[in-house]
Amino acid sequence: MKERESFKIAIIGSGPKGLYGLERALAHLNCIERKLPIEIHLFNKTDSFGAGDIYRTDQPEYLLMNYSNGYINMWTEQEPKSIVSRTTGYSDWLKIKFDHCSSCKTSDFSPRALVGRYLKDGFRRLVDAAPSNCEIYCHEGEVFDLKEEQGDFRIHWKGKAGSDQFLSGISTVLIASGHPNQNSDQYVSKLGYVDFIYPVSSKLNKVQSNKKVIIKGMGLTFIDACLALSEGKGGQFEQAENGMLNYIPSGNEPETIFPFSKSGLPMIPRGNTYGLPEPKLYFFNEEHIHMAIANAEKIDFDHELLPLISLEFKAAYYRALFHSYSLDFSEWGDVAKLEVVIDEFHERYPEECRFEFEQFLRELPSSDLSRDAHLQQLIAQYIAAAETGPESNPIAAVSAVWRSMCELFNKLYRFGRLKPESHQLFDEKYAGHLNRISYGPPIQNMKKILALAKAGIIDFSFCKCPEIEFEPEFKLSSKDGKSTISEYFIDARIPKSCLVDSSSELYMNMMKQGLVRPYVNRMVGKLDYKPGCLDINEQGHPLDEKELPNPKLTFIGTPTEGLTYDNDTLSRNRNDFVSNWGKEVSQLYMDYSQRITHSSSKTHFHESLT
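So for the sequence shown, our numbering puts the first residue at 44; every next one is plus one.
Here it is in structure tokens:
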């Protein structure tokens, strides 16, 4: 009788999303009577299996989450239950692991490295609890090709030593590889240019002290870069009497950091929101949306959704503002009455500025201060708003409301439900601004940015859309004639997915073979829109040129952004394709077992006759 072969599956990318896929696959496989041996092959660029590179455990502790401890949980209550007994959310895990933990509260923001320890601990427990017929193999290296052969897959990767390796006979593959792109590599070879800041300890160590640094981007990655170039260089932050922070330089930090972005606006920090009730949505809710879109083939964001979104932001702003004045108004869902009371309020309190949604998203408030002083003042206002909270501070209320709207919006955005021009309008003109106001850093990190600005380490003079020159040196010029020359240019942005221009050899090879293709939002009579993501169905399977899915390939996370929205790295529920993949793994295993058993029976029968 021929020796039975193993059933093989693979996960490319072993960060949180890959970890969730492993957990679901093991849960489903554990429910099947154990017969054939199973091989699960995990691939990751580094040895950080379970945590991935974003949550590497060797990162500095000053790199914080912007997601409260209480929200973090790598486990799920779905059936079938996990193979690991006594699963715990992150906050409870902290209490078990550490008797005296400075960031154990559900409302705290932890270092990403500490969250990585939680994820790696969960990964180890999954491996230890794996069924006896299941072997898990960890391959460190970069996967550069995936070939389909006789209904299975062959994976090619470069091992740690740089040698090419391959593995055949894989029945199904989950690809959770994160960003398939890098930022522009046009100037990568230029001395002083940094195209990506992670890991900060190695990517930013080339930045010498007392030199000028230009940073492109003013989001979370910019904050990490500034902390790596200050606290990471031996500087310290101390508490000031006013509750803010002072920066004590080490002498190893840059002379000046000049950040800039399209908007020139800083992020609004996040205070403690865990356990707080979700803001009630008066306009952007199922009822109003159903009336707005009716039975439309596709949704018009500009005309059908944006008015409701704008009203919801306005209601949130004035609800908090009225509360701060101890004013009572209950009919927030009545547009006409709301506009009347807003007018009456401003007549009574003319010193208060009117809220304009578009202006709030994009424009710096007017000021007679210099651009640098103005930004410092605005950051201080944002910090005060986050500390006061959304109930009484209108800026904090506006910051919180999109997070409440996001789940419903995702349903309206997913899989090309928006018209092509609406899809493009949201992606290019709204998504980034909504992210800036709603998904900012913890308050502590924004206090550090303000302290660095007050110490003269950060200068916001060129923060909005300066002219940029790369040759013969890095130079920024503002519209008022000011300019600065720098020795270093750091691109502190997370690259957007763009399959056509992908710098990933894996994705380029998959495209050449027809395994994947870019998604195009099409509608009769409208211009096409290409958001840059993969074309997948609602199970995460890629579609070919005939729009047929490949059920043995599943994608999750960043490469699906554009057909999905808000792929939060640690969420188990949002855009969850791994739960279905786990079911499919178990079905493929049963089908494979039947084929092997049937084949073995025929061979045994033939041998008996012989």
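Glycine included, every Cβ here is placed at the ideal spot set by N, Cα and C. Keep in mind that this is a model prediction, so the values were computed, not measured.
For this session: Taking Val-256 as part of the beta strand (DSSP E), name the residues at either end of that continuous run.
Result: 255-259
Exercise. Roughly how many angstroms separate the alpha carbons of Tyr-114 and Pro-297, rounded to a whole number?
Worked result: 36 Å
Problem set entry | Inter-residue Cα distance where the pair is Met-44 and Ser-125 | Confidence is the limiting factor: at Met-44 the pLDDT is only 30, short of 50, which leaves the residue's position unreliable and the question unanswerable from this model.
Exercise. Relative to the alpha-carbon of Asp-151, which residue among Ser-134, Lys-140, Lys-163 and Gly-159 has its alpha-carbon at the smallest distance?
Worked result: Ser-134
For this session: Assign Leu-319 to one of two classes, buried (16 or more other C-beta atoms within 10 Å of its C-beta) or exposed (fewer than that).
Result: exposed
For this session: Give a yes or no on contact between the segment 232-250 and the segment 525-532, applying the rule of three or more CB pairs nearer than 8 Å.
Result: yes
Exercise. Count the other CB atoms within 10 Å of the CB of Cys-508; is the residue buried (16 or more) or exposed (fewer)?
Worked result: exposed
Exercise. Does any residue of chain C bring its CB to less than 8 Å from the CB of Tyr-562?
Worked result: The question asks about chain C, but that chain is absent: this structure has only one protein chain.
Problem set entry | Phe-648, buried or exposed, once every other Cβ within 10 Å from all chains shown has been counted against 16 | At Phe-648 the pLDDT is 41, less than 50, meaning the model places this residue with poor confidence and gives no usable figure here.
Exercise. Curious, which full-length beta strand (DSSP E) runs of at least 3 residues does the segment 68-142 contain?
Worked result: 81-87
Exercise. What's the call for Cys-269, buried or exposed, on a 16-neighbour Cβ count within 10 Å?
Worked result: buried
Exercise. Who are the near neighbours of Leu-495 in its chain, counting only those whose CB is closer than 8 Å to its CB and skipping five residues on each side?
Worked result: Cys-269, Ser-273, Tyr-290, Ile-300 and Ile-501
Problem set entry | Cβ contact check for the segment 236-243 and the segment 99-109: 3 or more pairs under 8 Å | yes
Exercise. Using the C-alpha atoms, what's the distance from Trp-445 back to His-389?
Worked result: 25 Å
Exercise. What does DSSP give as the partner residues of Leu-2 in its beta bridges?
Worked result: Because the chain spans 44 through 653 in this model, residue 2 falls outside it and cannot be assessed.
Problem set entry | Alpha carbon of Ala-439 to alpha carbon of Gly-202, nearest angstrom | 48 Å
For this session: Inspect the CB distances between the segment 373-386 and the segment 598-610 and report whether three or more fall short of 8 Å.
Result: no
Problem set entry | Reduced DSSP secondary structure (H/G/I, E/B, other) of Ile-54 | strand
Exercise. Given a threshold of 16 other Cβ atoms within 10 Å of its Cβ, counted over all protein chains shown, does Phe-513 qualify as buried or as exposed?
Worked result: exposed
For this session: Could you name the residues that DSSP lists as bridge partners for Gln-208?
Result: Trp-200
Problem set entry | Exposure label - Glu-604; buried when at least 16 CB within 10 Å | buried
Exercise. Which first and last residues belong to the beta strand (DSSP E) in which Phe-372 is found?
Worked result: That residue, Phe-372, is in no beta strand (DSSP E); it is neither H nor E in DSSP.
Exercise. With a Cβ-Cβ cutoff of 8 Å, do Thr-612 and Ile-97 count as a contact?
Worked result: yes
Exercise. Start and end of the alpha helix (DSSP H) containing Thr-264?
Worked result: 263-271
Exercise. Is Met-554 helix, strand or coil when you go by DSSP?
Worked result: helix
Exercise. Would the beta-carbon of Tyr-392 fall within 8 Å of that of Pro-309?
Worked result: no
For this session: Using three-state DSSP, classify Ser-13 as helix, strand or coil.
Result: Residue 13 is absent from the structure shown; the chain starts at 44 and stops at 653.
Exercise. If you draw a straight line from the C-alpha of Lys-454 to the C-alpha of Gly-184, how long is it?
Worked result: 36 Å
For this session: Return the first residue and the last residue of the beta strand (DSSP E) that Val-186 is part of.
Result: 185-192
Exercise. Over what stretch of residues does the beta strand (DSSP E) that includes Asp-534 continue unbroken?
Worked result: 531-534
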